[in-house]
């Protein structure tokens with residue numbers, strides 16, 4: 002999970018969400034990580050990723066640096082965008098994997114951003130149901 006500094010929004014308009022997803026896809030090819038789930042919300046993002054040929058910390062550094070550079074250029078700003086380092090925890094069995102997957106996909110509904118998970122377009126939920 003990554004969160005905006007001072008809980009500020011890191012995604013405000015569709016272009017922000019689209020750019021982050023494009024960056025995930027770009028570094029997916031370079032780092033060869035597996036993306037099992039994602040959910041982008043206004044001030045934070047949840048990712049369920051399996052390391053590839055690079056460590057998770059290196060892949061997250063690539064993703065974060067690329068997005069922050071674009072975001073700062075786009076909004077004519079300087080400085081940090083993310084609060085601290087990303088948060089992560091290991092997922093070591095199928096039961097916990099399914100718990101995390103469900104949590105990520107249900108998050109927009111739980112916080113009241115949508116009444117129907119399928120209508121939230123900034124998550125991988127629709128990729129599972131379609």
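Numbering (this note's numbering), first residue to last: 2 to 131.
Virtual Cβ for every residue (Gly too), placed ideally from N, Cα, C.
According to DSSP, residue pairing for residue 5 in a beta bridge involves 83.
Fewer than three beta-carbon pairs drawn from the region 110-118 and the region 14-30 are found closer than 8 angstroms, and the two stretches are therefore not classed as touching.
The C-alpha of residue 81 lies about 33 angstroms from the C-alpha of residue 117.
In the DSSP annotation of this structure, residue 39 is not part of any alpha helix (DSSP H); the continuous beta strand (DSSP E) holding it starts and ends at 35-42. Collapsing the DSSP output to three states places residue 49 in a strand. Annotation: the continuous alpha helix (DSSP H) that includes residue 32 extends over 15-32. The alpha-carbon separation between residue 14 and residue 42 amounts to approximately 11 angstroms.
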